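Colleague: To start, I am sharing the structure in question, which I have written as structure tokens.
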Amino acid sequence: MSALFNKCIKHLEHLVSFDTSNPPKNIEGSGLLDYLKSLDFIKPEITNLGENSYNILCSRGNPRYLFNVHLDTVPQCDGWNTNPLDLIITNSHAIGLGACDIKSAAACILAVIEEGLEDYAVLFSTDEEAGQSRCIKTFAKSKLEYQGIIVAEPTNNLAVTCHRGIATGSIRFHGTSGHSSEKSALENSAIHKQARWSFNALETARKYENKKYESLEGLAFNIGSVSGGIKPNIIAQSAETKFGFRPLPGQDPFEIFTELNAKSVKGQFDFTTGFIAPSLPAKNNSHRLKALAGKLKLELSKPVNFWTEAALFNEAGYDAIVFGPGDIKNAHQPNEYVDLADLKTALKIYKEIIQ
Numbered sequence: 068m069s070a071l072f073n074k075c076i077k078h079l080e081h082l083v084s085f086d087t088s089n090p091p092k093n094i095e096g097s098g099l100l101d102y103l104k105s106l107d108f109i110k111p112e113i114t115n116l117g118e119n120s121y122n123i124l125c126s127r128g129n130p131r132y133l134f135n136v137h138l139d140t141v142p143q144c145d146g147w148n149t150n151p152l153d154l155i156i157t158n159s160h161a162i163g164l165g166a167c168d169i170k171s172a173a174a175c176i177l178a179v180i181e182e183g184l185e186d187y188a189v190l191f192s193t194d195e196e197a198g199q200s201r202c203i204k205t206f207a208k209s210k211l212e213y214q215g216i217i218v219a220e221p222t223n224n225l226a227v228t229c230h231r232g233i234a235t236g237s238i239r240f241h242g243t244s245g246h247s248s249e250k251s252a253l254e255n256s257a258i259h260k261q262a263r264w265s266f267n268a269l270e271t272a273r274k275y276e277n278k279k280y281e282s283l284e285g286l287a288f289n290i291g292s293v294s295g296g297i298k299p300n301i302i303a304q305s306a307e308t309k310f311g312f313r314p315l316p317g318q319d320p321f322e323i324f325t326e327l328n329a330k331s332v333k334g335q336f337d338f339t340t341g342f343i344a345p346s347l348p349a350k351n352n353s354h355r356l357k358a359l360a361g362k363l364k365l366e367l368s369k370p371v372n373f374w375t376e377a378a379l380f381n382e383a384g385y386d387a388i389v390f391g392p393g394d395i396k397n398a399h400q401p402n403e404y405v406d407l408a409d410l411k412t413a414l415k416i417y418k419e420i421i422q
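For any residue, its number in this note's numbering is found by taking its place in the sequence shown, counting from 1, and adding 67.
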């Protein structure tokens with residue numbers, strides 16, 4: 068295992084060094100594509116989908132399963148103790164931007180392939196983190212012959228077969244500008260309309276608190292951003308709210324949007340949908356996904372709250388589950404890390420699946 072593990076660390080060190088943060092998503096200039104093309108044990112097929120969205124397919128022989136790993140990361144944040152693009156190895160952790168989410172899985176798979184395995188297929192994608200998913204939406208339109216798809220995310224090496232969907236939107240409120248001494252401010256202020264919508268939306272979200280799917284509960288509704296107005300003595304002419312929620316499997320996000328906006332007066336607001344993606348399972352086929360995990364001898368995870376692109380594959384008609392090293396709690400934050408023990412376990416599991 069030590070030689071295989073050392074190969075994994077070597078690949079992870081290179082992958083972390085490439086700034087693939089999204090945004091700004093400068094994949095072409097990061098060095099990532101050149102690195103993958105330089106590896107003599109794979110022949111990557113690179114498809115440029117525009118706006119630095121790249122699909123990189125590496126395949127050989129007659130693979131039964133497709134592995135998918137997104138290689139973009141969230142942007143660097145404040146609070147790092149080291150350079151985020153330098154992989155730091157301690158006695159127990161590998162620390163670096165993307166080490167947990169989810170370049171560690173890519174390093175594991177590359178190390179396993181480098182051992183000389185004959186039948187494999189891995190799709191590296193580059194636009195998961197900014198709510199675009201052009202890579203997977205495009206690839207899933209192909210006629211895929213795989214028995215199953217394993218999407219890499221930090222799941223503590225457990226198989227996730229159920230998670231929430233995601234739906235975001237923005238709503239712009241229209242008011243009538245004027246002096247705040249006017250009595251009309253109560254009704255004409257765009258910010259007051261915004262506040263009334265927010266109150267009603269929160270009350271609507273509370274009605275979903277007892278809705279359940281397996282161990283998932285509620286709507287996970289969040290008002291993430293509010294803006295508008297100029298100063299206290301001017302009636303606000305405009306205001307904007309950006310919000311989102313995480314539907315349970317089987318819930319229709321458009322019906323929920325309609326309910327959230329039901330009490331707003333037409334003509335006084337403009338509503339725009341943002342990123343909308345299905346839950347997992349997306350096709351009411353939970354039994355098939357659990358059967359796939361069982362076939363691969365993977366231990367099942369409880370349903371999770373975070374969203375993954377496995378739902379897009381499932382929506383397109385393919386059996387897809389989520390699996391990878393690392394804990395989601397250690398991602399998207401300073402000093403992001405993956406446990407070395409997790410890497411060793413993942414290496415063993417990936418090798419067994421590919422073999």
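Ideal Cβ placement from N, Cα and C applies to all residues, glycine included. Remember, predicted model here, so these are calculated numbers, not experimental data.
1. Which residue's Cα is closest to the Cα of Lys369: Arg231, Phe312, Ile343, Gln261?
2. Excluding five sequence neighbours on each side, which residues of the same chain lie with their C-beta closer than 8 Å to the C-beta of Asn397?
3. Would you tell me roughly how many angstroms separate the C-alpha atoms of Ala197 and Lys309, rounded to the nearest one?
4. Can the beta-carbon of Val136 be found less than 7 Å from the beta-carbon of Glu376?
5. As a quick exercise: from Ile343, Gly295, Arg355, Lys274, pick the residue whose alpha carbon is nearest that of Glu326.
6. Can the beta-carbon of Tyr280 be found closer than 7 Å to that of Leu253?
7. Please determine, among Ser97, Pro320, Ile113, the residue with the shortest C-alpha to C-alpha distance to Pro345.
8. Below 8 Å on the Cβ atoms is my guess for Ile184 versus Leu138; work out the distance and round it to an integer in Å.
9. Buried or exposed: which applies to Gln261, given that a residue is buried once 16 or more other Cβ atoms fall within 10 Å of its Cβ?
10. Mind checking whether Ile388 and Thr140 have CB atoms under 7 Å apart?
11. Which partner residues of Val394 appear in the DSSP bridge assignment?
12. So Gln304 packs on Ser244, CB below 8 Å; how close in whole Å?
13. For Ser84 and Asp153, what's the separation of their Cα atoms in angstroms?
14. State yes or no: is the C-beta of Ile176 within less than 7 Å of the C-beta of Tyr417?
15. Is there contact between the segment 258 to 272 and the segment 288 to 305, where contact requires at least three CB pairs shorter than 8 Å?
16. Which class does Arg127 belong to by DSSP, given the choice of helix, strand or coil?
17. What ranges does the alpha helix (DSSP H) occupy inside the segment 190 to 248, keeping only unbroken runs of at least 4 residues that lie completely in it?
Modeller: Short version:
1. Arg231
2. Cys167, Pro221, Glu403, Tyr404, Val405
3. 16 Å
4. no
5. Lys274
6. no
7. Pro320
8. The sequence shown places Leu at residue 184, rather than the Ile named in the question. Incorrect: roughly 21 Å between the Cβ atoms, too far for contact.
9. buried
10. no
11. The sequence as given places Asp at residue 394; Val does not occur at that position. Answer by DSSP bridge pairing, in chain order: Thr222.
12. 4 Å
13. 6 Å
14. yes
15. yes
16. strand
17. 201 to 206
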